[in-house]
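Asks:
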Amino acid sequence: MRQPNLSDIALFAAVVEAGGFRTAAQRRGMSASSLSDCVRRLEKELGVRLLNRTTRSLTPTEIGARLLERLRPALDEINIALNDLQEDPQHPVGSLRLHVPGVIARHILPPLVDGFLSRYPGIALEVNMDNTFIDVIAAGYDAGIRYEESLAKDMIAIPIGPRRQCFMAVAAPDYLQRHGTPQHPSELSDHRLLGYRFASGKLGVWEFEQNGKTLRIAPEGTLISSSQDLLIAAACAGQGILYTFEEYIRPQLESGQLRPFLQDWWQHFEGPYLYYHNRRHVPAPLRAFVDYVKAANTSNHSS
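Each residue of the sequence shown is one higher than the one before, counting from 1 in the UniProt record's numbering.
1. Quick one: give me the first and last residue of the alpha helix (DSSP H) that residue 311 is part of.
2. Spell out a yes or no on whether the region 215–232 and the region 153–164 are touching, meaning 3 or more CB-CB pairs, one atom from each, closer than 8 Å.
3. Which same chain residues, not among the five before or five after S255, have their C-beta less than 6 Å away from its C-beta?
4. Taking the alpha carbon of P283 as the point to measure from, which residue in L96, T54 and A10 has its own alpha carbon closest?
5. Could you check whether Q252 and L258 sit closer than 9 Å to each other, using their CB atoms as the reference points?
6. Pairing CB atoms from the region 239–248 with CB atoms from the region 183–198, are three or more of them under 8 Å?
7. Using only CA atoms, which one of V93, W265 and P272 lies nearest to N211?
8. Measuring alpha carbon to alpha carbon, tell me which of V48, A139 and R72 ends up nearest E62.
9. Mapping DSSP to helix, strand and coil, what is N79?
10. Compute the Euclidean distance between the alpha carbons of P173 and Y248, then round it to the nearest angstrom.
11. On a Cα-Cα basis, can you pick out the residue from D130, L117 and Q239 that is closest to A105?
12. Would you kindly work out how many angstroms separate the C-alpha atoms of P111 and G94, rounded to a whole number?
13. Using 8 Å for Cβ pairs, my map puts A169 next to L262. What's the rounded Cβ distance?
14. Quick check on P121: buried or exposed, where buried means 16 or more other Cβ atoms within 10 Å of its Cβ?
15. Quick one, which of H191, S118 and R146 has its alpha-carbon nearest A288's?
16. Buried or exposed: where does C38 fall if 16 or more other Cβ atoms within 10 Å of its Cβ makes it buried?
17. May I ask whether a heavy atom of the ligand NAP can be found less than 8 Å away from the beta carbon of A32?
18. Would you grab the beta carbon distance between H99 and I123 for me? Rounded to a whole angstrom, and I think it's under 8 Å.
19. Note down, one range per segment and in chain order, each beta strand (DSSP E) of at least 3 residues found wholly within the region 90–124.
20. Round the Cβ separation of A24 and A14 to the nearest angstrom and send it over; I've been treating them as touching at under 8 Å.
21. Apart from the five residues just before and just after Y273, which ones in its own chain have a Cβ nearer than 8 Å to its Cβ?
22. Which residues bound the beta strand (DSSP E) around R216?
23. Between which two residues does the beta strand (DSSP E) holding residue 306 run?
24. Tell me where the alpha helix (DSSP H) around P173 begins and ends.
25. Inspect the beta-carbon positions of E69 and N5 and report whether they are closer than 9 Å.
26. Locate the beta strand (DSSP E) running through Q210, then write down its first and last residues.
27. If you draw a straight line from the C-alpha of F208 to the C-alpha of F167, how long is it?
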């Protein structure tokens, strides 16, 4: 068997990661036809079919998936090694892709991103806001942000943002005046509840805690939505009770549109973490972001 070109192998990996020739070609700065020729050449030299091609989809064959699983770590190390030769630690360049939940993208990242991009103009940052749990490394992301309970053990985790957060039970003053203010979570069953539906289809369950006791309530009430903005607007309009991140509703709390209650039962938890794969070499853009977050943590702790 003729030794295949390493560049063709890297291009094959890029096609699978992008999910198609057109997207991969745009990322690589080449034509889709040239990219397709490279993959066909690789298949001919290996004597196997690596991709299943249809008019609507492109997926690796079983052999192609196995090959990519074995080669991806080596390809990553090669890219990192080549980047290390060219990078200037003081002026890193390249792309950084992050996968983060909605609350992080809206309320924790903005001040960090502003300062980070101003300091490192050579870095192109891509942030995908998604509340579902995925394997960010397999999906082509450099890092993600999650809460501790959902972190894999083989990841390096760096604190990012506030270290204590909570869910708050709130409603419009008018709603509480008309329907009464619950004094215990068990009384919520008599009220109009506004529930959040994840993209996976799972309904977010409300958890209340006190003295080691946890009460769980499924808010199958007046309104269920995957839009936090819609739920907050409905709560402000007096349509029901909402239980959500404090960060989401801080403006409405400060303006008096929403009033908190059941404070002794709110669920408190540790803040989120920036996480990435536990490997020896870290790409320059990610290393710069990790260092920037660590510096921000030190500054906030000192304050």
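Don't be surprised by glycine CBs; every beta carbon is placed ideally from N, CA and C.
None of these values were measured; they are calculated from a predicted model.
Replies: By the coordinates alone:
1. Because the chain here runs from 1 to 303, residue 311 falls outside it and cannot be looked at.
2. no
3. The residue you call residue 255 lines up with position 255 of the sequence shown. Closer than 6 Å at the Cβ level, and outside the excluded window around S255, lies no residue.
4. Within the sequence shown, numbered from 1, the residue matching residue 283 stands at position 283. Out of L96, T54 and A10, L96 has the C-alpha closest to the C-alpha of P283.
5. The sequence position of residue 258 within the sequence shown is 258, counting from 1. The sequence position of residue 252 within the sequence shown is 252, counting from 1. Closer than 9 Å, so yes.
6. yes
7. Start at 1 with the first residue of the sequence shown, and residue 211 comes out as number 211. For the residues V93, W265 and P272, the minimum Cα distance to N211 belongs to W265.
8. Mapped onto the sequence shown, residue 62 falls at position 62. Of the listed residues, the one whose Cα sits closest to E62 is V48.
9. Counted from its first residue, the sequence shown places residue 79 at position 79. It is helical.
10. Start at 1 with the first residue of the sequence shown, and residue 173 comes out as number 173. Start at 1 with the first residue of the sequence shown, and residue 248 comes out as number 248. Roughly 18 Å separates the two Cα atoms.
11. On the sequence shown, residue 105 is found 105 positions in, with the first residue counted as 1. Among D130, L117 and Q239, the Cα nearest to that of A105 is on D130.
12. As a working note, residue 111 is residue 111 in the sequence shown. As a working note, residue 94 is residue 94 in the sequence shown. About 21 Å.
13. One-based indexing of the sequence shown puts residue 169 at position 169. One-based indexing of the sequence shown puts residue 262 at position 262. Rounded, the Cβ-Cβ distance is 4 Å, consistent with contact.
14. Here the question's residue 121 lines up with position 121 in the sequence shown. It counts as exposed.
15. What you label residue 288 is simply residue 288 of the sequence shown in a count that begins at 1. That would be S118, whose Cα lies nearest to the Cα of A288.
16. Taking the sequence shown and counting its residues from 1, the one referred to as residue 38 is at position 38. Looking at its Cβ environment, which holds 16 or more other Cβ atoms inside 10 Å, C38 is buried.
17. Looking for the ligand NAP in the displayed structure turns up nothing, as the structure carries no ligands at all.
18. Start at 1 with the first residue of the sequence shown, and residue 99 comes out as number 99. Start at 1 with the first residue of the sequence shown, and residue 123 comes out as number 123. Actually they are not in contact, since the Cβ atoms of H99 and I123 sit about 17 Å apart, beyond 8 Å.
19. 94–100
20. Here residue 24 is taken as the residue at index 24 of the sequence shown, counted from 1. Here residue 14 is taken as the residue at index 14 of the sequence shown, counted from 1. Going by Cβ atoms, the distance from A24 to A14 rounds to 5 Å, so yes, they are a contact pair.
21. Position 273 of the sequence shown holds residue 273. I145, R146, Y147, E148, L151, A157, I158, P159 and I160, listed in sequence order.
22. The residue labelled residue 216 in the question sits at position 216 within the sequence shown. Start and end: K213 to I217.
23. This structure cannot speak to residue 306, because the chain is shown only from 1 to 303.
24. The residue labelled residue 173 in the question sits at position 173 within the sequence shown. P173 to H179 is the span of the alpha helix (DSSP H), which, as asked, contains P173.
25. The residue labelled residue 69 in the question sits at position 69 within the sequence shown. The residue labelled residue 5 in the question sits at position 5 within the sequence shown. It is not a contact, given that the beta carbons lie outside the stated cut-off.
26. Locating residue 210 in the sequence shown gives position 210, where the first residue counts as 1. First-last of the beta strand (DSSP E) with Q210: W206 to Q210.
27. Position 208 of the sequence shown, counted from the start, is the residue given in the question as residue 208. Position 167 of the sequence shown, counted from the start, is the residue given in the question as residue 167. Cα to Cα, the separation comes out at about 9 Å.
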